[in-house]
Amino acid sequence: MKNNFSNRKITIVFVSVFLFLIVLKFFYPSQNKITEIPADNIKGSVWTKYKDWPPIDLVYTWVNGSDPVHLKKTFCDALDFKNCYTKYPNINGFTDHGELKYSLRSVDMYMSWVRKIYIVTNNQIPNWLNTSNPRIQIVSLEDFYEDPSTLPSFSSPSIQHQIYRIKGLSEYFISMDDDNFITKPSWPDLLVSQDGKTFSTDFYWTAVESHSKRQRRIGHNEVKGPRLNEFLESIKYVDTLYDQTYGYAYRSIMPHAPGVFKKSIMEELHKRFPIQSQKTIRNQYRHRDDFQFQFSYFWYLIQEKEFNFEEYFQNNLADQINNNLFDTNKWNILTDALGLKYHSDSIKRITRKIARENHILQEDGMVLTLQLLKKSDYIYNALANKYSSKLKYNFKFVDSRFRFIAIGPRLSRTKFNIKEYYRNKDKINFICLNDDLPTGDHELAIKIENIMLNFLKKHYHKPSQFELKDNKRNSVLRNDGLTLDDFD
18 MKNNFSNRKI TIVFVSVFLF LIVLKFFYPS QNKITEIPAD NIKGSVWTKY KDWPPIDLVY
78 TWVNGSDPVH LKKTFCDALD FKNCYTKYPN INGFTDHGEL KYSLRSVDMY MSWVRKIYIV
138 TNNQIPNWLN TSNPRIQIVS LEDFYEDPST LPSFSSPSIQ HQIYRIKGLS EYFISMDDDN
198 FITKPSWPDL LVSQDGKTFS TDFYWTAVES HSKRQRRIGH NEVKGPRLNE FLESIKYVDT
258 LYDQTYGYAY RSIMPHAPGV FKKSIMEELH KRFPIQSQKT IRNQYRHRDD FQFQFSYFWY
318 LIQEKEFNFE EYFQNNLADQ INNNLFDTNK WNILTDALGL KYHSDSIKRI TRKIARENHI
378 LQEDGMVLTL QLLKKSDYIY NALANKYSSK LKYNFKFVDS RFRFIAIGPR LSRTKFNIKE
438 YYRNKDKINF ICLNDDLPTG DHELAIKIEN IMLNFLKKHY HKPSQFELKD NKRNSVLRND
498 GLTLDDFD
C-alpha cells in the first residue's frame, strides 16, 4: 500500500514536470541560438508573439584602436606630421580591450532574435571573428558612403548618419557600439512596436539643465575658458537648431545604449535638414557643429509634425488666378505665424529671409512662389508649428533600463560604479562600460582595465557562435591590404 502511494506520488511529480516543460516550450520565448540566417521575421515560428514581426538587423561601429596601421593612418591624416609618425603616440584612449567580442556574446545570449549583424569598420577585421558565419558581415566605409570623396572618415557622427545606406540592411535596425552590453533577455518590444509606428526611448539627463553652471561656455567663442567636448557641443548645436525649428523645449539626452532606427525616417531627416546632415557627413573628424546622430534622430521623431505644406498653401496662401503664386493679400497669415506685427517692415524682413535661404541676391521684385516658400525653413517651421497639432510619429517614454558605468579614471570611483550596477541590476537591460582610463599612471590604468575585463569575463565567459573555435585566429586583419610599410 505504501509502495503504491509512493509510485503514484512519483508519477504525479513526473507528469507535473512534463506539463511544466511543455508550457515553457510554447509560452516562454526561447533564446536558442540561430546559426543560419533566419527567415524574414524575428523568430520564425519559435514563439507566436514575435513570428510576424519585421526583420531587425544590428549594426556595430567598431574601431580597433590598437591597430598600428590605424593609428598611423589616423594621426598622420589628422596632424599632417612631416615624417608621418616615425613614433606613433601612446594614447590609452585608442586601446582596444576586446569589448566587441563580449558585446557579441551578450547579443548571442540575450538578443538572439536579431537577424543579421553588420560590423562597420575602417577596413579592420577582428582576429577572433568567424567571418564565415552567415549572420555576420564586415562592412567598410567605402561600401555604403554616398560620396566616397569624403573618405577616409574618423568621425562617428559622420559614419552613423550613413549606416542606413548599408546594402541589404533591414528597414528597422539597431545601432550599437562595442562598449554596449545586454544584461538579460531583451525583446524588440522594449524598443519599438510590432507595426513599427511607436518607438520607445528613455533619457538620463537634460543637456542645458545638467550643465547650467557651464552654460556660458556652450556658445561659440564668446568667453574664455575650457569648452565642452565635441559631443556636448554638438548636442547644444542640435538643441539650438531644434529650438528654431520646433520651438523652445527642454531636450534630454538619450543614453549611450542600443536604439532602433528606421531607414526611411533617416532619409526624411536628411531631407528636412540637408545642410546640417551633409556638413556632418563631410566632416572627417568630430566637430562641435555635428548633427549629433541619436539626439537629432529621436528628437525629430518626437517633435516633427504632420504637415502638408502644398495643401496648406493651396487652401490659405495661393493666388486665386495662379495657384502656384503667393497671394500678397495674405501677408497677415505669415506675420501671425512668425509672431510679427502686420507691418511693411515685417514684410521686408520676411522677404529678405526667404531670399537669403533660397540664395537670391536681390529680394526687390522677387516673386514668391510655392517652391520658394516651401524651401524656406523660416516659413515652413512657422506654419507647421502654428497650424499643425498632429505629431507625425508615435513615441513613448519608458522607465530607464540602462546604466552608464564609467571605467576610470579613479579606481575607487570605478569600483563604486560597478557596485551601483549590481545594486540595481534587476531593473537594467543595457549597460555601457565607458573606458576613461588614466593616461598619466600606467600601473593604475592596468588595475582599472583588469576590473573591467574581469567584469566582462564573469558575465560573458561563454564563447558565442560568432567566434572562431579552438583558439584559431584570422590571418588577414585588414581588408584594404595596408601594412605599416605603407607609412614609412
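The sequence shown begins at 18 in the working numbering and counts up one residue at a time. Yeah, the Cβ is synthetic: ideal placement off N, Cα and C, and Gly gets one too.
For residue i, the first and last residue of its enclosing beta strand (DSSP E)
i	result
residue 67	That residue, residue 67, is in no beta strand (DSSP E); it is neither H nor E in DSSP.
residue 138	134-138
residue 423	419-424
residue 279	276-279
residue 450	447-452
residue 367	Unbroken run through residue 367 is the alpha helix (DSSP H), 361-374; no beta strand (DSSP E).
residue 197	197-199
Segment limits, alpha helix (DSSP H) that includes residue i
i	result
residue 258	247-263
residue 154	Here residue 154 belongs to no alpha helix (DSSP H); instead the beta strand (DSSP E) covers 153-157.
residue 473	459-476
residue 409	Run containing residue 409: none; DSSP gives neither H nor E here.
residue 210	First-last for residue 210: undefined, no H or E at that position.
residue 192	Not the alpha helix (DSSP H): residue 192 falls in the beta strand (DSSP E), residues 189-194.
residue 316	310-320
residue 438	428-441
residue 291	291-299
residue 123	116-127
residue 348	348-354
residue 390	387-392
Best match in the options for proximity to residue i [C-alpha to C-alpha]
i	options	result
residue 310	485, 274, 380	274
residue 131	72, 158, 376	72
residue 280	150, 188, 341	188
residue 128	446, 452, 459	446
residue 450	462, 250, 385, 198	198
residue 66	385, 262, 374, 212	212
residue 76	69, 70, 117	117
residue 262	455, 278, 479, 313	313
residue 124	165, 202, 328	202
residue 381	369, 375, 374	369
residue 161	150, 175, 409	175
residue 388	328, 190, 180, 409	328
Cβ neighbours of residue i in the same chain (closer than 6 Å, five flanking residues each side left out)
i	result
residue 268	256, 316
residue 303	172, 247
residue 79	117, 136, 138, 195
residue 439	none
residue 396	390
Contact set for residue i: own chain, Cβ-Cβ below 8 Å, skip 5 residues either direction
i	result
residue 378	372
residue 178	283, 287, 294, 297, 298, 308, 310
residue 289	317, 321
residue 347	333, 334
residue 224	Unreliable placement is indicated for residue 224, whose pLDDT of 40 sits below 50; the coordinate value is still reported in the next sentence. Taken in chain order, the residues that qualify are 249, 252, 253, 256, 268, 269, 270.
residue 386	341, 342, 343
residue 490	144, 145
residue 84	With a pLDDT of 47 at residue 84, under the threshold of 50, the modelled position of this residue cannot be trusted, and the question is left open.
Whole-number beta carbon distance between residue j and residue i, since they are thought to touch under 8 Å
i	j	result
residue 421	residue 272	6 Å
residue 390	residue 343	6 Å
residue 465	residue 428	6 Å
residue 200	residue 448	6 Å
residue 352	residue 363	5 Å
Residues near residue i by beta carbon distance below 7 Å, same chain, minus five either side
i	result
residue 434	422, 423
residue 453	423, 424, 425, 426
residue 441	420
residue 405	322, 323, 324
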